[in-house]
Amino acid sequence: MSEPEAKILKANYTLKQKAGDGGFSPEAVRAAMNRMESAVDLFPTIASGDLEAIEQALKIIRTGDISKPVMDKVYSACIELKAHGTMFRFPLVTMVADSLCVFLDSIQNMSMIVREIIELHLQTLKIAIGQGPRAITDKDKVELLNGLQKACAKALDASAS
Amino acid sequence: MSYKLKSLRVLVIDDNAPIRLLVRSLLLDLGFGHVHAEADAQQGWECYIKDRPDIILVDWRMDKQDGIEFTRRVRQEKSSHNPTVPIIIMTGFTNKKRVFDARDSGVTEFLIKPFTVQTLSDRLTHIIEKPRDFVLANQYVGPDRRRRKDEVAPTEKKRKADKLAEKAAEKAAEKTPVTAGPQKSKKYIDLRGGTDNKTNK
């Protein structure tokens with residue numbers, strides 16, 4: 000007789016036995032929420048690693064290497080910036096990072112125009128982070144995003160033709 | 000009454016120092032007694048071997064070895080002392096392919112960024128309250144990827160309980176004289192209170 004292909008271990012309730020009942024205490028949850036609120040100041044430090052990753056990828060792109068692993072590095076850093084922007088209340092960072100993600104998702108042919116679009120987004124991200132979450136007016140935000148979208152649309156047209 | 004988490008050990012692995020320290024602090028705020036934070040998968044592995052954590056939170060995107068590779072190592076390496084340890088992966092990626100990749104590596108839960116204290120505590124509660132069977136197969140080692148019936152249909156369960164409570168309340172109302180209004184509503188509240196408490200856990 001052949002051995003069974005899969006073995007199932009029954010669910011282990013050790014954690015439940017240790018933790019007991021009742022869920023997290025409301026005081027503990029409130030304390031954690033307060034900590035999260037006050038963590039907004041951490042965002043520039045958190046984002047610096049992702050900006051650095053994009054800059055490093057750009058250096059490689061400038062040498063003519065626009066391969067998938069390099070673009071994946073840019074994309075991953077953008078995804079992180081997008082998420083952390085929301086977590087730490089920097090909505091403009093989320094919007095700009097999202098704009099770059101959408102562009103990278105849409106582009107069919109990788110050409111050097113991609114480098115310009117990434118540089119443009121990188122500069123905008125630096126401004127958005129440097130100015131703080133509320134320093135840029137809503138009107139300026141709209142203009143910035145419109146500008147980025149127009150540039151992306153042109154680049155997509157150029158790469159398609 | 001609330002959880003007693005002082006004896007539980009949690010390991011956090013993230014190469015982004017501020018996020019790593021923030022998550023560690025949040026877990027300590029939530030009541031966990033021992034929270035170790037490590038900066039990369041190798042240090043995380045050494046801590047896992049030495050400290051024997053009850054729960055692991057690992058970031059997906061890390062240099063050298065990422066969260067998925069770390070998860071595979073915990074699940075499959077011979078020197079891994081507790082391959083069934085619950086692993087929560089933290090990620091900003093939400094597309095289907097990536098989620099399936101993570102699931103197939105054997106992660107227990109996803110903590111999708113941006114996350115809040117509420118989503119973090121929800122994931123932890125799920126791990127404590129609803130542990131899953133564990134599959135050891137040639138192709139896959141990890142939690143059973145099929146959710147149990149009682150996990151996927153809690154609303155139906157609650158609906159049934161609510162219906163029963165309503166019927167009982169109606170019967171009680173029929174039997175009770177009109178002058179005994181408060182008694183009727185008390186019974187209704189008692190029955191419903193039972194189900195509500197359950198969902199509030």
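Residue numbers (numbering that gives the first Met the number 0), protein chains in the order written: chain A, 0 to 160; chain B, 0 to 200. The C-beta atom is built at its ideal place from N, Cα and C for all residues, glycine as well.
Exposure label - residue i; buried when at least 16 CB within 10 Å
i                 : result
Gly192 of chain B : With a pLDDT of only 37 at Gly192 of chain B, under 50, the local geometry of the prediction cannot be trusted, and the value read off the model is given with reservation. Answer is exposed; the Cβ neighbour count stays below 16.
Glu51 of chain A  : exposed
Ser6 of chain B   : exposed
Ile7 of chain A   : exposed
Val9 of chain B   : buried
Met61 of chain B  : buried
Gly91 of chain B  : buried
Ala164 of chain B : buried
His120 of chain A : buried
Arg61 of chain A  : exposed
Met86 of chain A  : buried
Met111 of chain A : exposed
Pro181 of chain B : Any reading at Pro181 of chain B is ruled out, since the residue's pLDDT is 38, under 50, leaving its predicted position unreliable.
Glu37 of chain B  : buried
Limits of the alpha helix (DSSP H) - the one that residue i falls within
i                 : result
Pro43 of chain A  : 42 to 61
Arg213 of chain B : Residue 213 of chain B is absent from the structure shown; chain B starts at 0 and stops at 200.
Ile112 of chain A : 112 to 129
Ile78 of chain A  : 67 to 86
Asp137 of chain A : 137 to 159
Asp62 of chain B  : Segment: none, Asp62 of chain B is in no alpha helix (DSSP H) and carries neither H nor E.
Pro90 of chain A  : 90 to 105
Ser37 of chain A  : 25 to 37
Per-residue contacts from residue i into chain A (C-beta, under 8 Å)
i                : result
Tyr2 of chain B  : Ala18, Gly19, Asp20, Gly21, Gly22, Phe23, Ser24
Pro52 of chain B : Simply none; closest approach about 11 Å.
Listed by chain order, chain A residues near residue i by CB distance under 9 Å
i                 : result
Arg145 of chain B : Per Cβ cutoff of 9 Å: no residues; Arg145 of chain B is ~11 Å from chain A at best.
Leu10 of chain B  : What Leu10 of chain B touches in chain A: nothing, since even the nearest Cβ is about 14 Å away.
Ser24 of chain B  : Ala31, Arg34, Ala38
Lys21 of chain B  : Note on residue identity: the sequence assigns Leu, not Lys, to residue 21 of chain B. Ordered by position in chain A, the residues that pass the 9 Å Cβ test against Leu21 of chain B are Arg34, Met35, Ala38, Leu41, Ile45.
Neighbour list for residue i in chain B, Cβ cutoff strictly below 7 Å
i                : result
Glu79 of chain A : Arg60, Gly91
Ile75 of chain A : Checking the sequence, you will find Ser at residue 75 of chain A rather than Ile. Going along chain B in sequence order, the residues near Ser75 of chain A (Cβ under 7 Å) are Arg60.
Glu4 of chain A  : Ala136, Asn137
Interface partners of residue i on chain B, CB under 9 Å
i                 : result
Val101 of chain A : The premise fails here: Val101 of chain A is roughly 13 Å from chain B at the closest Cβ pair, so nothing lies under 9 Å.
Leu8 of chain A   : Thr83, Asp132, Phe133, Val134, Leu135
Val28 of chain A  : Asp28, Leu29, Val116, Gln117, Ser120
Cross-chain neighbours of residue i in chain B, by beta carbon under 8 Å
i                 : result
Ala150 of chain A : Correct list: empty, because the minimum Cβ distance to chain B is about 24 Å.
Leu14 of chain A  : Leu7, Asp53, Ile54, Pro85, Ile126, Ile127, Pro130
Asn11 of chain A  : Thr83, Pro130, Phe133
Partner residues on chain D for residue i, Cβ-Cβ distance less than 9 Å
i                 : result
Lys112 of chain B : Protein chains in the displayed structure are A and B, and chain D is not among them.
Host beta strand (DSSP E) of residue i (start-end)
i                : result
Met89 of chain B : 86 to 90
Lys6 of chain A  : 5 to 8
Neighbouring residues, chain A, relative to residue i (Cβ below 7 Å)
i                : result
Ile67 of chain B : Simply none; closest approach about 13 Å.
Ile18 of chain B : Ile45
The ligand NAD heavy atom lying under 7 Å from the CB of residue i
i                 : result
Thr107 of chain B : In terms of ligand content, the structure shown is empty, and the ligand NAD therefore cannot be addressed.
Going along the chain, which residues of the segment 39 to 67 of chain A sit with their C-beta nearer than 9 Å to a C-beta in chain B? The segment 39 to 67 of chain A vs chain B, Cβ under 9 Å: Leu41, Phe42, Thr44, Ile45, Gly48, Asp49.
Check each residue of the segment 105 to 133 of chain A: if its Cβ is closer than 9 Å to any Cβ of chain B, include it; give the result in chain order. For the segment 105 to 133 of chain A, the beta-carbon criterion of a distance under 9 Å to any beta-carbon of chain B is satisfied by none of its residues.
Contained beta strand (DSSP E) runs [length at least 3] in the segment 99 to 148 of chain B, N- to C-terminal order: Qualifying beta strand (DSSP E) stretches, in chain order: 108 to 111, 133 to 136, 140 to 142.
Which residue spans inside the segment 9 to 53 of chain B form an unbroken alpha helix (DSSP H) run of at least 4? Counting only runs of 4 or more, we get 16 to 28, 40 to 50.
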